[in-house]
Structures are given as structure tokens and as C-alpha cells.
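Below is one structure; the comments refer to it alone.
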Amino acid sequence: MNLTTDYLGLKLAHPIIPGASPLCDNLDHVRRLEDARAPAIVMHSLFEEQILQEGIAHHLFREQQEESFSEAASFFPAPGEFALGPEQYLEQIGRIKTAVDIPVIASLNGSHPGGWVDYAKRIQEAGAAALELTVYFLPSDPAVTGAEVDWRLIEVVRSVKAAVTIPVAVKISPFYSSLPQLASQLHDMGADALILFNRFYQPDFDVENLEVRARLELSTPAELQMRLHWTAILAGRVPIPLIVSGGVHGVLDVVKSIMAGANAVQVVSAILKHGPAHLTLLVNQLKQFMEEQDYRSLEQMRGSLSLKHCPNPDAFERTNYLRTLQLWRA
Ligand SMILES: Cc1cc2nc3c(=O)[nH]c(=O)nc-3n(C[C@H](O)[C@H](O)[C@H](O)COP(=O)(O)O)c2cc1C
Numbered sequence: 114m115n116l117t118t119d120y121l122g123l124k125l126a127h128p129i130i131p132g133a134s135p136l137c138d139n140l141d142h143v144r145r146l147e148d149a150r151a152p153a154i155v156m157h158s159l160f161e162e163q164i165l166q167e168g169i170a171h172h173l174f175r176e177q178q179e180e181s182f183s184e185a186a187s188f189f190p191a192p193g194e195f196a197l198g199p200e201q202y203l204e205q206i207g208r209i210k211t212a213v214d215i216p217v218i219a220s221l222n223g224s225h226p227g228g229w230v231d232y233a234k235r236i237q238e239a240g241a242a243a244l245e246l247t248v249y250f251l252p253s254d255p256a257v258t259g260a261e262v263d264w265r266l267i268e269v270v271r272s273v274k275a276a277v278t279i280p281v282a283v284k285i286s287p288f289y290s291s292l293p294q295l296a297s298q299l300h301d302m303g304a305d306a307l308i309l310f311n312r313f314y315q316p317d318f319d320v321e322n323l324e325v326r327a328r329l330e331l332s333t334p335a336e337l338q339m340r341l342h343w344t345a346i347l348a349g350r351v352p353i354p355l356i357v358s359g360g361v362h363g364v365l366d367v368v369k370s371i372m373a374g375a376n377a378v379q380v381v382s383a384i385l386k387h388g389p390a391h392l393t394l395l396v397n398q399l400k401q402f403m404e405e406q407d408y409r410s411l412e413q414m415r416g417s418l419s420l421k422h423c424p425n426p427d428a429f430e431r432t433n434y435l436r437t438l439q440l441w442r443a
């Protein structure tokens with residue numbers, strides 16, 4: 114049974130990767146993930162705001178706390194709110210590399226093109242095998258067009274690709290007007306894989322205190338549906354490896370993602386909930402499923418439910434939409 118898959122130039126033993134999460138801050142957790150058969154370690158992100166804050170802190174020191182900068186800085190989370198500062202993050206790459214034998218994938222996370230992307234080079238120099246680039250941005254200015262939002266993402270990817278030679282995966286949100294076109298542009302720009310999707314973390318409203326409250330809820334399998342849908346559409350139409358992230362909890366979620374056309378999946382919530390042993394369980398169950406269904410390799414299963422051979426995907430989507438609405442009978 115061949116479970117191997119390619120991700121970011123790496124030959125992984127199987128397609129179930131623990132995704133970016135705080136687990137990698139602690140070397141014991143990292144070792145437990147390796148023992149649980151993780152094929153790679155994905156670090157949590159180093160954020161644009163952290164890198165800029167270092168720059169702003171330096172500037173503030175020189176300018177003796179100039180008022181305008183104090184205001185700008187006040188929107189940023191305080192340095193203590195991040196687990197690892199930028200320098201510590203780079204050191205952690207080296208520590209994880211020493212602790213385990215599997216590849217270490219680092220993660221940069223931001224929203225604007227700018228000097229912060231230079232950190233990609235430092236991440237490469239620190240020994241990361243590859244880089245995930247998460248771009249999380251919600252436009253709130255009515256003057257900003259969809260094309261400008263796309264441009265911003267593409268510009269960040271372009272500058273990161275120019276800074277490094279290690280492979281770069283881009284983790285995006287689903288909120289773009291034409292994902293196939295955007296995916297195609299990112300591929301042309303040199304992105305080595307596309308991770309579908311960022312979760313959109315909506316804060317809740319506290320209606321008594323009139324406050325907006327950040328909350329972190331783990332995902333549920335219901336979130337997988339949209340990922341499967343877009344993976345099936347993009348697979349075969351845009352020649353870029355696809356990774357499903359979001360809502361992968363059970364083995365059938367893995368199977369469906371691969372059948373939709375993904376090279377691999379990432380799992381975070383289920384591992385945080387059940388511990389690293391869940392990863393081993395998923396790998397064993399995947400193998401068992403494939404044996405029972407007479408699959409010899411992941412490659413044989415990949416894309417069997419993608420829209421690759423569909424002559425008119427737009428019409429297919431529209432038909433499914435109409436059929437779904439007819440399912441309800443009062
Ligand atoms: C506690 C926590 C921390 C996370 N930190 C990051 C991060 O630093 N960078 C990132 O790109 N994604 C981060 N994520 C998102 C996950 O990598 C993943 O995309 C998301 O949780 C969806 O996968 P899941 O349904 O398996 O949880 C984080 C998720 C959780 C729950």
C-alpha cells in the first residue's frame with residue numbers, strides 16, 4: 114500500500130499533516146507528533162504585526178515615543194501576546210530540526226506587501242524545508258476593489274518567492290470573486306501549493322457591554338464541505354498542488370479530500386481535541402479503507418471526484434444548486 118504523497122518538494126510518508134498550530138512551541142509536543150507518525154511539522158505563524166512591531170519599537174526608541182506612532186502601535190497586540198518573538202521563532206526552527214527527523218515547515222502570516230516579507234529569507238536561512246504563507250485580509254474600505262485585493266495577495270506572494278528558494282505554499286481564504294483565476298495567477302507567480310482555506314475567525318458581540326469579543330472555536334466537519342467543493346473545481350483545471358485545511362476530523366474527511374483532488378490534508382482541531390494519537394488513528398484507518406476498497410496507492414484514488422473531466426463545470430454547479438433546493442419537501 115503506497116500512501117506517499119508530494120508536498121512542497123517533500124516526499125511525505127502519508128497525506129495527513131498536523132497543520133499550523135501552537136503545538137510546535139513545545140518540543141515535547143513536537144516529538145509526540147513525530148511519534149504519532151506526523152510526516153512533517155508545520156509551525157504556527159510568525160505574523161507581519163510582530164515583525165513590524167519590532168521595527169516600530171526600534172523607531173519609537175529613536176523618536177522618543179512620537180505621538181502618531183504610539184497610536185498606530187496601539188492597534189497591535191502587545192508583544193507578550195505572541196508566544197515567540199521573531200528572533201525566538203527563528204531559533205525554534207533550529208530547535209525543532211534538532212529534536213525530530215521530519216521536515217520543518219515554517220509559516221509567515223500577513224496582509225500587506227512590505228518589508229516584513231524579508232523574514233522569509235531569514236526563515237530559509239534558519240533551516241526551514243519549506244514555507245507556508247498565510248494571507249488574511251478583510252477589506253473594509255468601500256473604495257478598495259476586488260482587483261486590488263487580489264493584487265495585494267499576489268504582490269505578497271511575488272515578493273516572498275523572490276526572497277527565497279525553498280518551496281512556498283499559499284494559504285488563502287475562500288472570499289475572492291474568481292478563485293480559479295486567482296489560483297492560476299498564484300501558480301504563474303511561482304506558488305508551489307495552495308492551501309484551502311484559512312478559517313474566518315469572527316469575533317462575537319457582547320451585547321450588554323457593547324464589546325466585540327475574540328473567541329476561538331475549534332472547527333467541525335461541517336467546514337469541510339466548502340473545501341471539498343473548491344478542491345474538486347480547482348483540481349485538474351489549475352496545475353497547482355492543493356491541500357485541504359479546515360474540517361478534517363475523521364478518515365472519510367481525508368478520503369473525500371484526496372478524491373476531490375488534494376495532495377494532502379492538514380489537521381489541527383481534531384488533534385487539539387483528541388491528542389496526537391488521533392493522527393495515528395487516521396493513518397491506520399486510511400490504510401484500512403484503501404485496502405478494503407482495493408486501492409493500491411493514494412495516486413490511484415486522487416481526483417476521482419474532481420471536476421477534471423466534467424465538460425461544463427459551471428452548468429454542473431448550477432444543476433447541483435437547483436437539485437439541492439428541490440430536495441426540501443414541506
Ligand atoms: C489554536 C490555533 C492556532 C492556529 N494558528 C495558526 C497560525 O499560526 N497560522 C495559520 O496559518 N493557521 C493557524 N491556525 C489555523 C489552522 O492551521 C487550520 O488552518 C485551521 O484550524 C483549520 O483546520 P482544522 O479544521 O483542522 O482546525 C490555528 C488554528 C488553531 C485552532
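Just so you know, we're using our numbering here: the sequence shown kicks off at 114 and counts up by one. All C-beta atoms in this analysis are idealised placements derived from N, C-alpha and C, irrespective of residue type, glycine included.
Distance, residue j Cα to residue i Cα
{"i": "C423", "j": "L435", "result": "18 Å"}
{"i": "G388", "j": "E430", "result": "37 Å"}
{"i": "A241", "j": "T211", "result": "12 Å"}
{"i": "P135", "j": "A443", "result": "47 Å"}
{"i": "E184", "j": "R235", "result": "Per-residue confidence for E184 stands at a pLDDT of 47, beneath the threshold of 50, marking its modelled position as unreliable; no derived number is given."}
{"i": "G349", "j": "V230", "result": "30 Å"}
{"i": "A186", "j": "Q166", "result": "With a pLDDT of only 49 at A186, under 50, the local geometry of the prediction cannot be trusted, and no value is derived from it."}
{"i": "F318", "j": "R312", "result": "19 Å"}
{"i": "K384", "j": "I346", "result": "Note that residue 384 is Ile in the sequence shown here, rather than Lys. For I384 and I346, the distance between alpha carbons rounds to 28 Å."}
{"i": "N322", "j": "L337", "result": "34 Å"}
{"i": "Q439", "j": "A335", "result": "21 Å"}
{"i": "E238", "j": "L355", "result": "26 Å"}
{"i": "A373", "j": "M414", "result": "9 Å"}
{"i": "M302", "j": "T333", "result": "33 Å"}
{"i": "L365", "j": "A390", "result": "17 Å"}
{"i": "Q163", "j": "Y202", "result": "11 Å"}
{"i": "P217", "j": "H157", "result": "In the sequence as displayed, the identity of residue 217 is Val instead of Pro. Near 11 Å, if we compare the C-alpha coordinates of H157 and V217."}
{"i": "I353", "j": "D263", "result": "18 Å"}
{"i": "I129", "j": "A149", "result": "11 Å"}
{"i": "E200", "j": "G363", "result": "37 Å"}
{"i": "M403", "j": "E412", "result": "11 Å"}
{"i": "A146", "j": "I209", "result": "The question names Ala, yet the displayed sequence has Leu at residue 146. Roughly 12 Å between the two C-alpha positions."}
{"i": "E204", "j": "H225", "result": "25 Å"}
{"i": "G416", "j": "V368", "result": "10 Å"}
{"i": "G227", "j": "K421", "result": "37 Å"}
{"i": "I215", "j": "L123", "result": "10 Å"}
{"i": "T258", "j": "L251", "result": "12 Å"}
{"i": "Y289", "j": "S253", "result": "14 Å"}
{"i": "A296", "j": "A304", "result": "9 Å"}
{"i": "Q298", "j": "A256", "result": "23 Å"}
{"i": "S291", "j": "L341", "result": "17 Å"}
{"i": "A428", "j": "D141", "result": "51 Å"}
{"i": "T437", "j": "L418", "result": "18 Å"}
Cβ shell of residue i (< 7 Å), same chain only, five flanking positions each side left out
{"i": "L458", "result": "Residue 458 falls outside the range modelled here, since the chain spans only 114 to 443, and no answer is possible."}
{"i": "T432", "result": "none"}
{"i": "L331", "result": "S382, L385 and K386"}
{"i": "G223", "result": "F160, E161, W229, V248 and V269"}
{"i": "L197", "result": "D138 and Q205"}
{"i": "M339", "result": "P287"}
Beta strand (DSSP E) segment containing residue i, residue limits
{"i": "D119", "result": "T118 to Y120"}
{"i": "I356", "result": "L355 to S358"}
{"i": "R326", "result": "E324 to R326"}
{"i": "N222", "result": "V217 to G223"}
{"i": "K124", "result": "L123 to L125"}
{"i": "K77", "result": "Nothing can be reported for residue 77, as the shown portion of the chain is limited to 114 through 443."}
{"i": "M156", "result": "I154 to F160"}
{"i": "V378", "result": "A377 to V380"}
Cβ-Cβ distance between residue i and residue j below 8 Å
{"i": "A276", "j": "A306", "result": "no"}
{"i": "S370", "j": "V380", "result": "no"}
{"i": "P426", "j": "W343", "result": "no"}
{"i": "L266", "j": "I285", "result": "yes"}
{"i": "V270", "j": "L309", "result": "no"}
{"i": "L244", "j": "A219", "result": "yes"}
{"i": "L159", "j": "Y249", "result": "no"}
{"i": "G132", "j": "S358", "result": "yes"}
{"i": "H127", "j": "V396", "result": "yes"}
{"i": "V213", "j": "V273", "result": "no"}
Extent of the continuous alpha helix (DSSP H) run through residue i
{"i": "D319", "result": "No alpha helix (DSSP H) contains D319, which is instead part of the beta strand (DSSP E) from D317 to D319."}
{"i": "M67", "result": "There is simply no residue 67 to check, as the chain begins at 114 and stops at 443 in what is shown."}
{"i": "V269", "result": "G259 to A276"}
{"i": "P252", "result": "From DSSP, P252 is part of no alpha helix (DSSP H); its letter is neither H nor E."}
{"i": "L440", "result": "Taken as a continuous stretch (DSSP letters only), L440 belongs to no alpha helix (DSSP H), as it is neither H nor E."}
{"i": "A296", "result": "L292 to D301"}
{"i": "V396", "result": "A390 to E405"}
Nonlocal neighbours in the same chain, by C-beta distance under 8 Å from residue i, ignoring five residues either side
{"i": "P316", "result": "V325, R326, A327 and R328"}
{"i": "T393", "result": "A149 and R150"}
{"i": "P293", "result": "I346, L347, R350 and V351"}
Cβ neighbours of residue i in the same chain (closer than 6 Å, five flanking residues each side left out)
{"i": "L399", "result": "V364 and V367"}
Under 7 Å, CB to nearest heavy atom of ligand 1: contacting residues: G132, A133, S134, P135, H157, S158, S220, N222, E245, T247, K284, N311, R312, L329, L331, S332, E336, S358, G359, G360, V361, Q379, V380, V381, S382, A383 and L385
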